[in-house]
Amino acid sequence: MGFIQDVLTSFVAIMPVTLAQSLILAFVVLGIMIPFRMLNFPDLTSEGAFPLGGCVCGVLLAAGVSPLTCIVVAFAAGFAAGCCTAFIHLRFRIHTLLAGILMMTMLYSINLRIMGKSNLSVFGSPTVFDWVPFARPGFPASKIVVAGLLALIAFAALYMFFRTEKGTAVRAVGANPDMAEAQGINVWAATIGGVGLASAFSASSGALMVQSQGFADVNMGLGILINGLAALMIGEAVVGKQTVSRQLLAPFAGAIIYYQLVSFCLAAGMPPPDLKLATGLFVLAMLALPSLKRSRGPAPAREAIRE
Numbered sequence: 000m001g002f003i004q005d006v007l008t009s010f011v012a013i014m015p016v017t018l019a020q021s022l023i024l025a026f027v028v029l030g031i032m033i034p035f036r037m038l039n040f041p042d043l044t045s046e047g048a049f050p051l052g053g054c055v056c057g058v059l060l061a062a063g064v065s066p067l068t069c070i071v072v073a074f075a076a077g078f079a080a081g082c083c084t085a086f087i088h089l090r091f092r093i094h095t096l097l098a099g100i101l102m103m104t105m106l107y108s109i110n111l112r113i114m115g116k117s118n119l120s121v122f123g124s125p126t127v128f129d130w131v132p133f134a135r136p137g138f139p140a141s142k143i144v145v146a147g148l149l150a151l152i153a154f155a156a157l158y159m160f161f162r163t164e165k166g167t168a169v170r171a172v173g174a175n176p177d178m179a180e181a182q183g184i185n186v187w188a189a190t191i192g193g194v195g196l197a198s199a200f201s202a203s204s205g206a207l208m209v210q211s212q213g214f215a216d217v218n219m220g221l222g223i224l225i226n227g228l229a230a231l232m233i234g235e236a237v238v239g240k241q242t243v244s245r246q247l248l249a250p251f252a253g254a255i256i257y258y259q260l261v262s263f264c265l266a267a268g269m270p271p272p273d274l275k276l277a278t279g280l281f282v283l284a285m286l287a288l289p290s291l292k293r294s295r296g297p298a299p300a301r302e303a304i305r306e
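Right, dumping it as structure tokens:
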């Protein structure tokens with residue numbers, strides 16, 4: 000009983016920190032969901048776009064640029080990276096996963112060039128989290144407010160966009176590109192724009208994370224893709240994906256639940272090196288569960304097959 004009480008106490012103590020982190024990293028999950036679900040374009044660029052946004056933000060913060068401007072520039076840099084991935088796939092007919100790997104690999108060198116070194120400290124620089132009134136700068140409350148507000152803005156903007164004619168065209172390309180092209184939809188524009196937007200959100204997450212933690216590192220995106228995929232699977236299992244609103248809500252809900260589960264595992268005493276293994280097994284279970292349910296089927300159906 001004492002062990003459970005200690006675990007719950009530790010979990011409650013770190014919950015605000017992980018909640019703030021999950022809201023920031025929810026934008027990466029959103030960047031994974033858009034090409035994966037909306038465009039049927041499995042993409043790995045997010046793992047390179049996340050540190051790209053962080054490196055751009057870190058350099059600009061160190062130069063004295065406004066923190067909001069840093070996020071906007073990081074958004075644009077991520078958009079350019081995503082557009083390049085989609086262009087490589089469309090122009091050279093390279094598989095989406097390989098195109099993403101190529102871009103992710105090249106972005107590592109680009110990030111080193113941007114910063115000029117492997118990491119950069121920006122402690123003491125102004126951040127968007129300092130703008131929250133009645134909240135101490137740098138504390139979880141200010142980060143939760145800012146990240147939560149940005150999440151609401153992103154959700155509302157994407158919901159309105161995907162209900163417009165252009166947004167519907169993007170979803171149509173993901174559903175059936177040949178039929179979409181037959182209907183006069185520009186498949187190239189929809190694909191490049193959609194993948195670019197997804198990477199832009201991942202880069203924005205990197206910029207927010209740098210302002211939150213106070214430093215940028217070229218390796219800050221290592222493993223972010225599998226974490227984001229795990230969060231997306233959780234979100235879709237809890238919220239669903241039958242409508243546009245549910246599909247857009249799933250990344251945010253999944254990120255919050257996933258990182259709270261991670262914090263609970265840490266509070267329970269799980270060694271940090273084991274988290275990657277646990278995450279991988281969890282994603283495998285979430286992906287395999289639907290096929291296991293289908294293979295079982297109802298009892299009468301199984302009997303009929305035997306007969």
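Okay, so the sequence shown: first residue is 0 according to numbering that gives the first Met the number 0, each after it adds one.
For each residue, glycine too, the CB sits at the ideal point set by N, CA and C.
Nothing here was measured: the structure is a model prediction, and the numbers come from that model.
_So, with DSSP's three-state summary, where would you put Phe-214?_
Translated into positions along the sequence shown, residue 214 becomes position 215. Of the three classes helix, strand and coil, the one that applies to Phe-214 here is strand, per DSSP.
_Selection from Lys-275, Leu-283, Val-27 that minimises the alpha carbon distance to Ala-146_ = Counting from one through the sequence shown, the residue named residue 146 turns up at place 147. The shortest Cα separation from Ala-146 among Lys-275, Leu-283, Val-27 belongs to Val-27.
*Count the other C-beta atoms from every protein chain shown that fall within 10 angstroms of the C-beta of Gln-182, then say buried if there are 16 or more, exposed otherwise.*
In the sequence shown, the residue the question calls residue 182 occupies position 183. Its Cβ having fewer than 16 others within 10 Å, Gln-182 is exposed.
*asked:* For Gly-99 and Val-243, what's the separation of their Cα atoms in angstroms?
replied: Working through the sequence shown from its first residue, we reach residue 99 at position 100. Working through the sequence shown from its first residue, we reach residue 243 at position 244. Those two C-alpha atoms are separated by around 25 Å.
*Can you tell which of Gln-246, Ile-225, Leu-224, Ile-223 has its C-alpha closest to the C-alpha of Gly-234?*
Walking along the sequence shown from the start, residue 234 turns up at place 235. Comparing Cα-Cα distances from Gly-234 to each of Gln-246, Ile-225, Leu-224, Ile-223, the minimum goes to Gln-246.
*Taking Ser-120 as part of the beta strand (DSSP E), name the residues at either end of that continuous run.*
By one-based count along the sequence shown, residue 120 stands at place 121. From DSSP, the beta strand (DSSP E) with Ser-120 extends over 118 to 120.
*asked:* Between which two residues does the alpha helix (DSSP H) holding Ser-141 run?
replied: For this step, residue 141 is matched to residue 142 along the sequence shown. First-last of the alpha helix (DSSP H) with Ser-141: 139 to 160.
*Length of the line joining the Cα atoms of Asn-185 and Leu-207*: Walking along the sequence shown from the start, residue 185 turns up at place 186. Walking along the sequence shown from the start, residue 207 turns up at place 208. For Asn-185 and Leu-207, the distance between alpha carbons rounds to 33 Å.
*Where does Ala-62 fall in DSSP's three states?*
To locate residue 62, count along the sequence shown from 1; it is residue 63. Three-state result, Ala-62: coil.
*For Glu-306, does the count of other Cβ atoms within 10 angstroms reach 16, so buried, or fall short, so exposed?*
By 1-based counting over the sequence shown, the position of residue 306 is 307. Because the pLDDT at Glu-306 is just 40, under 50, the model does not fix this residue reliably, and the value given afterwards should be weighed accordingly. It is exposed - the Cβ of Glu-306 has fewer than 16 other Cβ atoms within 10 Å.
*asked:* Please report the straight-line C-alpha distance between Gly-30 and Leu-7, rounded to a whole angstrom.
replied: Start at 1 with the first residue of the sequence shown, and residue 30 comes out as number 31. Start at 1 with the first residue of the sequence shown, and residue 7 comes out as number 8. One C-alpha to the other measures close to 32 Å.
*Output the distance between the C-alpha atoms of Leu-59 and Cys-69, rounded to the nearest integer angstrom.*
The residue you call residue 59 lines up with position 60 of the sequence shown. The residue you call residue 69 lines up with position 70 of the sequence shown. Approximately 6 Å between the Cα atoms of the pair.
*By DSSP, does Lys-240 sit in helix, in strand, or in coil?*
Taking the sequence shown and counting its residues from 1, the one referred to as residue 240 is at position 241. Note: Lys-240 maps to coil in three-state DSSP.
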